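Since the structure comes first, as structure tokens, the remarks are kept for the end.
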Amino acid sequence: MPTSTRPPRIRKAIFPVAGLGTRVLPATKSIPKEMLTLVDKPVLQVVMEEAREAGIEHFIFVTGRNKQVIEDHFDMAYELEDSLQKRGKLDILAQLRAERPAAGTTSFTRQQEPLGLGHAVWCARDIVGDEPFAVLLPDMITIGKTGCMKQCMEVYKAAGGNVVAVEECDPAIAHQYGIVGVGKEVSKQGFRITAMVEKPPRSTAPSNRYITGRYILQPEIFKILEKGERGAGGEIQLTDGMVSLMKKQPFHGMTYNGITYDCGSKLGYLQATVAYALSRKDLADAARREIAALLG
Ligand code: UTP
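Going by this note's numbering, the first residue of the sequence shown is number 17, and it counts up by one from there.
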């Protein structure tokens, strides 16, 4: 593809973190669900690293009340770093410093009321401005050889437009998810989306590919979300906004080569913890031994 026709680079990503996390109460009574840990890292940090791997340069967090710890987590912890230095714990100190986002690369805005994912994304409109951007749902953890957002970028580079990551599910449970219709191939992992339905009634889903929580969107979505139309559950749904935008712009599906876990549910969080430990070089062997021992 000649350079001039390449779609503009995706520099910014939105992380909507203003939800209440009711499915994993009481854990989320005083801790944001995005700060629950996978072994030693908050879920949100794991997802942020996925965005960084995909080339994202600016990280936008849409937070709510009781979410201040998120801002603290991505800040410099001066007293802690000083103590680690004095105690000679230089390895972990170096790790904390390397993982800290550079000055000026994070933004925080508040969604005053949790009116839905579409509304949370809209809250970041001024920080994003008039350029395409990524959205990563931080309670969805993706584990694969390369990150899900990086794979989305490949489809975006090849086909442009809007990109939505999907995975196959058991057709019997398709009614629980946002499902896309599958059209012609546009790249190795990419295909044209022909339809998009949030929680289709049983046996009416256009396919078994469900939306997993990674998106590349064009800024025109903000004008649509601004209308504040309510959808399923009385919430301003991102899927409804995308369905409207689909009438004007192409949407491409990216079938993720990896597995997505829903850390917002009890069992999904447990699965994610085990899968994450097994994916880490420094932990995998010991984790496998311990899990085998537990299973007897
Ligand atoms: P969920 O629907 O899974 O989050 O939204 P929730 O509402 O916190 O979960 P439950 O159902 O009560 O357990 C997916 C993502 O969108 C964010 C959430 O924080 C989560 O990361 N979200 C959702 C918002 O930021 N604002 C909202 O109004 C809704």
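The beta-carbon is built from N, C-alpha and C at its ideal position, and this holds for glycine as well.
In this text, all values refer to a predicted model and were calculated from it rather than measured experimentally.
Taking 7 angstroms as the cut-off, is the beta-carbon of residue i closer than that to any non-hydrogen atom of the ligand SAH?
i      : result
Asp155 : Ligands displayed in this structure: the ligand UTP; the ligand SAH is not among them.
Below 8 angstroms between beta carbons: does that hold for residue i and residue j?
i      : j      : result
Val144 : Ile240 : no
Val171 : Met270 : yes
Phe238 : Arg141 : yes
Val180 : Ile227 : yes
Thr125 : Glu73  : no
Cys185 : Asn224 : yes
Ala293 : Leu299 : yes
Pro222 : Pro148 : no
Gln160 : Gly280 : The sequence as given places Gly at residue 160; Gln does not occur at that position. The answer is no: Cβ separation not under 8 angstroms.
Let me confirm a value: residue i is counted as buried when at least 16 other C-beta atoms fall within 10 Å, else exposed. Which label applies?
i      : result
Ser46  : exposed
Tyr272 : buried
Asp155 : buried
Lys49  : buried
Arg9   : With the chain covering 17 to 312 only, the question about residue 9 has no answer from this structure.
Lys297 : exposed
Glu183 : buried
Asp92  : Correcting the residue identity first, residue 92 is Met in this sequence and not Asp. It is exposed - the Cβ of Met92 has fewer than 16 other Cβ atoms within 10 Å.
Gly134 : buried
Ile86  : buried
Gly319 : It is not possible to answer for residue 319, since the shown part of the chain is limited to 17 through 312.
Lys263 : exposed
Arg230 : buried
Since residue i contacts residue j with CB under 8 angstroms, what's their CB separation in whole angstroms?
i      : j      : result
Gly177 : Thr255 : No, Gly177 and Thr255 are not in contact; Cβ-Cβ is about 17 angstroms, not under 8 angstroms.
Pro130 : Gly35  : 6 angstroms
Mapping DSSP to helix, strand and coil, what is residue i?
i      : result
Thr19  : For Thr19, the predicted structure reports a pLDDT of 47, less than 50, and the residue's modelled location is therefore unreliable. The matter cannot be settled from this model.
Ser99  : helix
Tyr94  : helix
Asp256 : helix
Glu183 : strand
Ser123 : strand
Thr79  : strand
Asp142 : helix
Thr240 : For clarity, residue 240 is Ile in the given sequence; the question names Thr instead. Helix at Ile240.
Met156 : strand
Ala34  : coil
Glu214 : strand
Pairs of beta-carbons, one from the stretch 44 to 60 and one from the stretch 197 to 205, closer than 8 angstroms: are there three or more? no
Decide yes or no for the touch test of the stretch 60 to 79 against the stretch 149 to 163: beta carbon pairs closer than 8 angstroms, at least 3 of them. yes
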